[in-house]
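Under the numbering used here, the first residue of the sequence shown is numbered 191, with each subsequent residue one higher.
We treat Cβ as the ideally placed atom computed from N, Cα and C, and that holds for glycine.
The structure appears below as structure tokens.
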Amino acid sequence: MEISGEFHIPAIKQTVWEGLNNPNILKASIPGCEELDKLSDKEFTAAITTRLGPVKAKFKAKVTLSDLDPPNKYTISGEGQGGAAGFASGSASVSLIEEDKNTKLIYHAEINVGGKIAQIGSRLIDSSAKKISNQFFVNFCDEISNNNENVQEGDKENLNKIEPKIENENLSESRNFIENIKIPFRLWTFLLSGAAIIIILILSL
191 MEISGEFHIP
201 AIKQTVWEGL
211 NNPNILKASI
221 PGCEELDKLS
231 DKEFTAAITT
241 RLGPVKAKFK
251 AKVTLSDLDP
261 PNKYTISGEG
271 QGGAAGFASG
281 SASVSLIEED
291 KNTKLIYHAE
301 INVGGKIAQI
311 GSRLIDSSAK
321 KISNQFFVNF
331 CDEISNNNEN
341 VQEGDKENLN
351 KIEPKIENEN
361 LSESRNFIEN
371 IKIPFRLWTF
381 LLSGAAIIII
391 LILSL
């Protein structure tokens, strides 16, 4: 399964990059995140409890960052296990582009899922994914606003008004998913737990 798209965040690129690589901010931003440890500058592990439709599971994920070019881009790869609920693995390329004190995040991800998660209907996946990804971005913007002195008052107001949306999202056909399922930016989920989320929201992670 392939997912690509972009997301606009009302903060400068350096602030977004630092937030995405701050384990405390990520843990506070990811819904259901119980553990998030930064093993090194390139490795994260996480434990996240989430629900996609009728399936609720605790995912244990490990994510690795590569091709690092701070604060412009990097590649994330990871895998997560949710027991009987299923598993997810994949990789994503992520780029940050600054546009007039805002940041455009562009991503392209390739993901594999299996187990009960792969059998959930498209509407339930879409609904659950939107809820989780939207909550992540609302939380993330609150966290970078509260933790970064470089965020100006005007920027803080914009962060508080953020309304997540996905643009140019394309999803390839998959044996386990109905064509045209829309899976909003769960990448960040990867992206940071960067990656950990990948695993969840892809759901993923």
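Nearest candidate by alpha-carbon position, reference Lys306, set Pro221, Arg241 and Gln204: Of the candidates Pro221, Arg241 and Gln204, the one whose C-alpha sits nearest the C-alpha of Lys306 is Arg241.
Cα-Cα separation, Gly268 to Asp290: Each residue's CA atom was taken as its position, placing Gly268 and Asp290 some 32 Å apart.
First and last residue of the uninterrupted beta strand (DSSP E) at Gly268: Taken as a continuous stretch (DSSP letters only), the beta strand (DSSP E) holding Gly268 covers Lys263 to Gln271.
Bounding residues of the beta strand (DSSP E) (the contiguous stretch that carries Ala278): That run of the beta strand (DSSP E) goes Phe277 to Glu289.
Rounded straight-line distance, which links the Cα of Ile238 to that of Glu225: Rounded to the nearest angstrom, the two C-alpha atoms are 7 Å apart.
C-beta atoms of Ala278 and Ile301 nearer than 8 Å: Against a cut-off of 8 Å, the Cβ pair of Ile301 and Ala278 comes out as a contact.
Local conformation of Leu222 per DSSP, three classes: The residue asked about is misnamed: residue 222 is Gly in this sequence, not Leu. Residue state, collapsed to three classes: coil.
Spatial distance of Leu286 from Gly195 (CA atoms): The straight-line gap from Cα to Cα measures roughly 12 Å.
Any chain B beta carbon closer than 8 Å to Asn336: In the displayed structure, chain B is absent; only one protein chain is listed.
Cβ shell of Lys294 (< 6 Å), same chain only, five flanking positions each side left out: Around Lys294: Glu196, His198 and Ile287.
Reduced DSSP secondary structure (H/G/I, E/B, other) of Asp259: DSSP places Asp259 in strand when its eight states are reduced to three.
Distance, Phe234 Cα to Lys250 Cα: Rounded to the nearest whole angstrom, the CA to CA distance from Lys250 to Phe234 is 11 Å.
Inter-residue CB distance, Ala400 and Ile334 (contact presumed, cutoff 8 Å): This structure does not reach residue 400, given that the chain is present from 191 up to 395, and the question cannot be answered.
Alpha carbon of Val253 to alpha carbon of Asn336, nearest angstrom: About 26 Å.
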